[in-house]
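Reading the sequence shown from the start, the letters are residues 10 to 117 in the working numbering. A virtual CB, placed ideally from N, CA and C, is assigned to each residue, including glycine. Structure record follows, encoded as structure tokens.
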Amino acid sequence: MSIVKDIKCEYPGCDIIFFGDGHRKYCDEHSKLKYRKKIEKASEDDANILIRHLSHELFTIGRACDCCGVDYKITLYPKQFIYPRYCELHRNKFKRRNYKGELHVGSI
Ligand SMILES: [Zn+2]
Ligand SMILES: [Zn+2]
Numbered sequence: 010m011s012i013v014k015d016i017k018c019e020y021p022g023c024d025i026i027f028f029g030d031g032h033r034k035y036c037d038e039h040s041k042l043k044y045r046k047k048i049e050k051a052s053e054d055d056a057n058i059l060i061r062h063l064s065h066e067l068f069t070i071g072r073a074c075d076c077c078g079v080d081y082k083i084t085l086y087p088k089q090f091i092y093p094r095y096c097e098l099h100r101n102k103f104k105r106r107n108y109k110g111e112l113h114v115g116s117i
């Protein structure tokens, strides 16, 4: 018997909570085929970068956000090489899409 629990839809920007057995990631609407391409495209948009470093101590570097170009700080940890690609604001996938959308309209 599978355990039914409430799951939040993982589709970017969707906040629907539905009940499922843990195998479903998306709400009824976003389980439809037409969303699958968008979901695959979104997951290609990797939110992390690989930073190879040899430090054995914590240290902080500055980096430009790949979305907006704003400088943000990353704390590097020993033996950890995966770090966020975006500034704190744009770590949210929905906000990145929003940002790009605004650029497209040319509101700046
Ligand atoms: Zn959804
Ligand atoms: Zn940013």
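Extent of the continuous beta strand (DSSP E) to which residue i belongs
i, result
"L85", "D80 to L85"
"F27", "I26 to G29"
"L59", "N57 to L59"
"I91", "I91 to P93"
Simplified DSSP assignment, three categories, for residue i
i, result
"L98", "helix"
"Y44", "helix"
"K104", "helix"
"G71", "strand"
"K34", "coil"
"K17", "strand"
"K109", "helix"
"G22", "coil"
"H39", "helix"
Buried/exposed call for residue i, threshold 16 Cβ in 10 Å
i, result
"Y86", "exposed"
"H32", "exposed"
"H99", "buried"
"R61", "exposed"
"F45", "Residue 45 is actually Arg in this sequence, not Phe. With fewer than 16 Cβ atoms within 10 Å of its Cβ, R45 is classed as exposed."
"H39", "buried"
"S116", "In this prediction, S116 has a pLDDT of 44, which is less than 50 and means its spatial position is unreliable; nothing more can be read from the coordinates."
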